[in-house]
Amino acid sequence: MQAAMGAGIRRRRPVMLVCIVASFLAFYLYYSRSVDRDAARVAWQPAPGPDDKPPQQEAESVQRPPESNNDVPAQKPLVPMSYGTAARPPFKDLKNILADLPSDLVPQPGTVDGAGSGRPKRLVIVGDVHGMKASLERLLEKVGFKREGGDHLIIVGDLINKGPDSAGVVELAMSLGASAVRGNNEDRVILAHQAMKTRLVPGTDGNDGPAAFGISPDSALLGEGGAAAAKASAEKPPSASRSAPAAGSDIEADMLEQNPFSHGDQGDRGTVASLTPAQLAWLADLPVILRIGTIRESPFTNLVVVHAGMVPGIAPEKQDPWAVMNMRTLKYPGRDARKERVKEELEEADKKGVAASSNPLSSSAVSAHQVEAELASRRRKGKERDGHDDVAVPVEGRDGEQWTDAWARYQRNQVSRDQDRVTVVYGHDARRGLSVPPVDRTDRLTPGSTFGLDSGCVYGRQLTALVIVATAKGKIHHEIVHVKCEGGRAGKGRRGRK
Numbered sequence: 001m002q003a004a005m006g007a008g009i010r011r012r013r014p015v016m017l018v019c020i021v022a023s024f025l026a027f028y029l030y031y032s033r034s035v036d037r038d039a040a041r042v043a044w045q046p047a048p049g050p051d052d053k054p055p056q057q058e059a060e061s062v063q064r065p066p067e068s069n070n071d072v073p074a075q076k077p078l079v080p081m082s083y084g085t086a087a088r089p090p091f092k093d094l095k096n097i098l099a100d101l102p103s104d105l106v107p108q109p110g111t112v113d114g115a116g117s118g119r120p121k122r123l124v125i126v127g128d129v130h131g132m133k134a135s136l137e138r139l140l141e142k143v144g145f146k147r148e149g150g151d152h153l154i155i156v157g158d159l160i161n162k163g164p165d166s167a168g169v170v171e172l173a174m175s176l177g178a179s180a181v182r183g184n185n186e187d188r189v190i191l192a193h194q195a196m197k198t199r200l201v202p203g204t205d206g207n208d209g210p211a212a213f214g215i216s217p218d219s220a221l222l223g224e225g226g227a228a229a230a231k232a233s234a235e236k237p238p239s240a241s242r243s244a245p246a247a248g249s250d251i252e253a254d255m256l257e258q259n260p261f262s263h264g265d266q267g268d269r270g271t272v273a274s275l276t277p278a279q280l281a282w283l284a285d286l287p288v289i290l291r292i293g294t295i296r297e298s299p300f301t302n303l304v305v306v307h308a309g310m311v312p313g314i315a316p317e318k319q320d321p322w323a324v325m326n327m328r329t330l331k332y333p334g335r336d337a338r339k340e341r342v343k344e345e346l347e348e349a350d351k352k353g354v355a356a357s358s359n360p361l362s363s364s365a366v367s368a369h370q371v372e373a374e375l376a377s378r379r380r381k382g383k384e385r386d387g388h389d390d391v392a393v394p395v396e397g398r399d400g401e402q403w404t405d406a407w408a409r410y411q412r413n414q415v416s417r418d419q420d421r422v423t424v425v426y427g428h429d430a431r432r433g434l435s436v437p438p439v440d441r442t443d444r445l446t447p448g449s450t451f452g453l454d455s456g457c458v459y460g461r462q463l464t465a466l467v468i469v470a471t472a473k474g475k476i477h478h479e480i481v482h483v484k485c486e487g488g489r490a491g492k493g494r495r496g497r498k
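Every letter in the sequence shown is one number past the one before it in the UniProt record's numbering, and letter 64, counting from 1, is 64.
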């Protein structure tokens, strides 16, 4: 029996040995793989930072493209377009869009100067000067301007450019404590000044001084020149910086107002070089709209001064600054589309009538008068909108409706009370010339009138002032005063318009 048991054990011994070896190999393989996995985790795991948070990506020095800026706040929506306003970015460089004239400078019935001399207080509002200092001095002399006597000078913009002494005009205005508004020429010069400070000219390092801009160092770029620069500006022929159009052309009186930078800004940079830092700062602070307010017992209700114009039905603080400095006319896209549609309908009806007629020569072109008459007929019958809600788009060209006509119509038809109407004094339109109400007595003026004072001084015509006087007897009256201008760009504008 023992022999049998020993034989059984001997038969099972190889099997047990195989099992032991297999177990050992399995354990070894398991252990090796576990160690490899742990090593791999240690090798690839990033080291934690001091605060046990994963490291953050450093801020990029280069701006990401817009589509990747998911963390940037969305841009504030622009104001939607309404009657006469444009959905455009704001003027970031404008410090002053709307300003109020101090009330102590506004003539009111019974007001006299502070010296007690009984002299009437006056506002002297002058049209576009364009560097014509001598003409401005003669105009002020003609009206007997005395600041110490209660007079206050206001200029309707475009004090500078085109004429011989831009720096002299600004110096005179500042010395008299004058008010003014920013015109399109001031705006261009301010933009040129900014470009001269910030623009890097190819081939320079940004610190090359006046020569980098093609201006002599003697003229002291950025307004450091003082008298020398002013003299250089005064002696330089007007044609040196801008080429004049052919005499007699329809655009010569305001050729620089259209597409102002199409000819380059070298002339504007020359004006910058003639101005001191204080003068440049004074120009940059000018408002686009100067609100004078209502002069009691007079038709000068809610009086404002602008350079170019305003869109009817829009509050002063909501006017588009570009339009106020540049506009001349208003265009109505809706009206134009309706006119075109009615014209096509009339032409189609005319063709059908000719086809039915025995006379093939009876057809004639549809005139603008026919289109207007048809539109008027349809409006009376309620078949067409009356157009009162059309959007007006201000433009600097002349192919629309004169903005002053639209202004008068709006004041007359949409503003029922005289005291709510807005009176506007403006300049900018040398070709149209002096445009004031055809009455010489203040008590005959209609509230909400417009006064256009650009009478083309720089083109050898006239410099004009609107003088508003408050007498000690409680009366308000106005007068228009002119002087003849010499030494400008005589012959370059349309002649014969006063």
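Glycine is no exception: its CB is placed at the ideal position from the N, C-alpha and C atoms. Nothing here was measured: the structure is a model prediction, and the numbers come from that model.
Exercise. Would a C-beta distance cut-off of 9 Å place residue 465 and residue 127 closer than the cut-off?
Worked result: Yes, they are a contact pair.
For this session: Note down, in chain order, each residue of its chain lying with its Cβ closer than 7 Å to the Cβ of residue 343, except the 5 sequence neighbours on either side.
Result: So the list reads 366 and 371, once near-sequence residues are dropped.
Exercise. By DSSP, does residue 220 sit in helix, in strand, or in coil?
Worked result: In this predicted model, residue 220 has a pLDDT of only 35, less than 50, meaning its place in the structure is not dependable; the value taken from the coordinates is given anyway. Secondary structure at residue 220: coil, using DSSP grouped into helix, strand and coil.
For this session: Keeping to the same chain, check which residues put their C-beta closer than 8 Å to that of residue 462; ignore five residues upstream and five downstream.
Result: 434, 455, 456, 482, 483, 484, 485 and 498
Exercise. DSSP three-state call for residue 314: helix, strand or coil?
Worked result: coil
Exercise. Closest to residue 172 by CA distance: which of 192, 140 and 196 is it?
Worked result: 140
For this session: Using three-state DSSP, classify residue 72 as helix, strand or coil.
Result: The predicted position of residue 72 is uncertain, since its pLDDT is 38 and thus under 50; a value taken from the coordinates is nonetheless stated next. Collapsing the DSSP output to three states places residue 72 in coil.
Exercise. Is it buried or exposed for residue 416, if we count other Cβ within 10 angstroms and need 16 for buried?
Worked result: exposed
Exercise. So, helix, strand or coil for residue 276, using DSSP?
Worked result: coil
For this session: Using only alpha-carbon positions, find the residue among 94, 431 and 27 that is nearest to residue 328.
Result: 431
For this session: State the DSSP-derived secondary structure class of residue 47, mapped to helix, strand or coil.
Result: With a pLDDT of only 45 at residue 47, under the threshold of 50, the placement of this residue in the model should not be trusted, and no figure is reported.
Problem set entry | Unbroken stretches of the beta strand (DSSP E), 3 residues or longer, contained in the region 423-483 | Whole beta strand (DSSP E) segments, 3+ residues: 424-426, 450-452 and 462-470.
Problem set entry | Residue nearest to residue 163 in terms of C-alpha spacing, selected from 137, 133 and 301 | Looking from the CA of residue 163, the closest CA among 137, 133 and 301 belongs to 133.
Exercise. With residue 271 and residue 161 assumed to form a contact (beta carbons below 8 Å), what rounded beta-carbon distance in angstroms separates them?
Worked result: 6 Å
Exercise. Between the C-alpha atoms of residue 145 and residue 121, what's the straight-line distance to the nearest angstrom?
Worked result: Approximately 11 Å, taken between the alpha carbons.
Problem set entry | Distance between residue 319 and residue 587 (C-alpha atoms, nearest Å) | Given a span of 1 to 498 for the chain in the structure shown, any question on residue 587 remains unanswerable.
Exercise. Is residue 300 buried or exposed, if buried means 16 or more other CB atoms sit within 10 Å of its CB?
Worked result: buried
Problem set entry | Distance, residue 381 Cα to residue 137 Cα | Roughly 59 Å separates the two Cα atoms.
Problem set entry | For residue 266, the three-state DSSP class (helix, strand or coil) | helix
Exercise. The beta strand (DSSP E) spanning residue 99 covers which residue range?
Worked result: 98-100
For this session: Could you give the DSSP three-state label for residue 180: helix, strand or coil?
Result: strand
Problem set entry | Opening and closing residue of the beta strand (DSSP E) in which residue 329 lies | 329-331
For this session: Starting from the Cα of residue 473, find the closest Cα among 108, 19 and 406 and give me that residue.
Result: 108
Exercise. Assuming residue 427 and residue 156 make a contact with CB atoms under 8 Å, what is their CB distance in whole Å?
Worked result: 4 Å
Exercise. Which residue's Cα is closest to the Cα of residue 460: 124, 99 and 135?
Worked result: 135
Problem set entry | According to DSSP, residues forming a beta bridge with residue 293 | 303
Exercise. By a C-beta neighbour count over all protein chains shown, 10 Å radius and 16 as the cutoff for buried, is residue 445 buried or exposed?
Worked result: buried
For this session: Mind reading off the beta-carbon distance from residue 292 to residue 176? Whole number of angstroms is fine, and I expect it under 8 Å.
Result: With 8 Å as the limit, residue 292 and residue 176 do not qualify as a contact, their Cβ atoms being about 17 Å apart.
For this session: Let me know the secondary structure DSSP gives residue 352 once reduced to three states.
Result: Three-state DSSP puts residue 352 in a helix.
Exercise. According to DSSP, which residues form a beta bridge with residue 401?
Worked result: 330
Exercise. Would a C-beta distance cut-off of 9 Å place residue 152 and residue 124 closer than the cut-off?
Worked result: yes
Problem set entry | Secondary structure of residue 190, DSSP reduced to three states | helix
Exercise. For residue 471, which residues from the same chain have a beta carbon less than 6 Å from its beta carbon, with the 5 sequence-adjacent residues on both sides left out?
Worked result: 120
Problem set entry | Coarse secondary structure for residue 417, derived from DSSP in three states | coil
Problem set entry | Whole-angstrom C-beta distance between residue 441 and residue 286, which should lie under 8 Å | The pair is not a contact, with the Cβ atoms about 33 Å apart (cut-off 8 Å).
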